[in-house]
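S.K.:
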Amino acid sequence: MSAKFEYRRSVTHRCGHSQSHTFFARCRQEADSWAFNLKKVECDACREKTDRIAAEAKAANLPALLGSPNQITWANAIRQRIYNMLSRTDRYHHAASCCQHETQATWWIENRKATIQIIVAHLTDSGRRAA
Ligand SMILES: [Zn+2]
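Each residue of the sequence shown is one higher than the one before, starting from -7 at the first, in our numbering.
(1) Return yes when the C-beta of E34 is under 7 Å from any heavy atom of ligand 1, and no when it is not.
(2) Contact between the segment 39 to 48 and the segment 9 to 29: three or more CB pairs below 8 Å?
(3) From the DSSP secondary-structure annotation, give me the bridge partner or partners of R1.
(4) Quick check: what's the CA-CA separation for R73 versus Q11?
(5) State the Cα-Cα distance for the pair N76 and A106, rounded to the nearest angstrom.
(6) For the segment 19 to 43, list the alpha helix (DSSP H) runs that are entirely contained and at least 4 residues long, ordered along the chain.
(7) Quick one: complete alpha helix (DSSP H) runs, 4+ long, within the segment 46 to 82?
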């Protein structure tokens, strides 16, 4: 068994956040290569948030979205925020369940700042078409 040393590295993750990591590696090059690989993934906080949103979507029966990986991550967060907002009110409860009929990530991103009326009209319309 070869000796391991402790290396600290500050890594800028793909989400843009910096996080400090401690590695127990055989040499500096090994620690550097682990740090390099970590740049390709989200920081711990963002990954937890992504996992939590995925769990919420599953609990709410919302299907997987279609789009690029970055679009999907972003759109999932938008959809969950809108779904939670709609499902909290009696008036829009039906629209909340219609969130499952819009699976294009780009629609959620483009309409992230749309009024509640526009969002509800689109979702209930999609719900009718799917029925
Ligand atoms: Zn992050």
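Beta carbons: idealized from backbone N, C-alpha and C, even for Gly.
Here the structure is a predicted model, which is why all the values come from computation and not from measurement.
M.R.: Here's the rundown:
(1) E34: yes, Cβ under 7 Å from ligand 1.
(2) No, they do not touch.
(3) Beta-bridge partners assigned by DSSP to R1: H13.
(4) Looking at the two C-alpha atoms, the distance is approximately 26 Å.
(5) Rounded to whole angstroms, N76 to A106 spans 16 Å at the Cα level.
(6) Qualifying alpha helix (DSSP H) stretches, in chain order: 20 to 30.
(7) Annotation: the segment 46 to 82 contains the following complete segments of the alpha helix (DSSP H) (minimum length 4 residues), in chain order: 61 to 79.
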